[in-house]
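Take a look at the structure set out below.
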Amino acid sequence: LAKTTQPISMDSYEGQEVNITCSHNNIATNDYITWYQQFPSQGPRFIIQGYKTKVTNEVASLFIPADRKSSTLSLPRVSLSDTAVYYCLVALNNNDMRFGAGTRLTVKP
Amino acid sequence: SAVISQKPSRDICQRGTSLTIQCQVDSQVTMMFWYRQQPGQSLTLIATANQGSEATYESGFVIDKFPISRPNLTFSTLTVSNMSPEDSSIYLCSVEGRTFNTEAFFGQGTRLTVV
């Protein structure tokens, strides 16, 4: 049973806000929600982690509703360099780091 | 953050041979992880390697095929044994982060092609 479900791909244009939603209906009480970004020929890079409500850092915002069965990664004013695959993970800690299929975001000029 | 160096960055190998991939970290870490990623696909966890204990393998991966060493807190190796073309993939090393529970740092990966 997949822990997370994300759209396979999304397209956007430079300067737009992009929201990628991840479903995780079976999230456990102590699980965290984490998003990673992966560029071609590189390993994934940690973007943001949250447990509930909203988390914001210099790169993105993460919105988590009260039931925690989904989460939305928000990228403000994307640029071409934000073209990448974005992975949503639901895990307690590093021992549980199993990646889902990811969302391939393409930012167009 | 942690800086991870993986060697080799890529290799082309003959079937039936073995390749050892090295992962060097610039700081001491307890947990190191090895992943496999087919081109265009997501990452699959192969095993977790903690210093001082045997690696823990995920379902579908066995020690005879993917032996792992973890001699100290900054280094690990993954060997892909008796290779076949199906082993062609990108192999990634990662280490735990210290700021967040599910934070991990990844190497650049080793692109392996078996012919």
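Sequences listed follow chains U and G, in order. Each residue of the first sequence is one higher than the one before, starting from 1251 at the first, in our numbering. Each residue of the second sequence is one higher than the one before, starting from 66 at the first, in our numbering. The C-beta atom is built at its ideal place from N, Cα and C for all residues, glycine as well.
Would you identify the three-state DSSP class for residue i, choosing helix, strand or coil?
i               : result
D76 (chain G)   : strand
N1269 (chain U) : strand
D1317 (chain U) : coil
P150 (chain G)  : helix
D1261 (chain U) : strand
L1342 (chain U) : coil
S1291 (chain U) : coil
Measuring only between beta-carbons, confirm whether residue i sits less than 8 Å from chain U.
i              : result
F126 (chain G) : no
E168 (chain G) : yes
L177 (chain G) : no
Step through the CB atoms of chain G and report whether any lies within less than 8 Å of the CB of residue i.
i               : result
Y1282 (chain U) : yes
N1269 (chain U) : no
G1293 (chain U) : yes
R1348 (chain U) : yes
F1313 (chain U) : no
F1289 (chain U) : no
Do residue i and residue j have their C-beta atoms closer together than 8 Å?
i               : j               : result
N166 (chain G)  : L1339 (chain U) : no
T1353 (chain U) : S1291 (chain U) : no
A120 (chain G)  : T109 (chain G)  : no
I1283 (chain U) : T1322 (chain U) : no
A1334 (chain U) : Q1287 (chain U) : yes
L1355 (chain U) : S1262 (chain U) : yes
I77 (chain G)   : L143 (chain G)  : no
According to the neighbour-count rule (16 or more other Cβ atoms, all chains shown, within 10 Å of its Cβ), is residue i buried or exposed?
i               : result
V91 (chain G)   : In the sequence as presented, Val is not what sits at residue 91 (chain G); that position holds Asp. Exposed is the call here.
I1298 (chain U) : buried
R1318 (chain U) : buried
R75 (chain G)   : exposed
T1254 (chain U) : buried
Y156 (chain G)  : buried
Y1301 (chain U) : exposed
**OP:** Only counting runs of 3 or more residues, tell me where the beta strand (DSSP E) segments fall wholly within the region 107-168 of chain G, in order along the chain.
**Re:** 108-115, 133-137, 140-145 and 154-161
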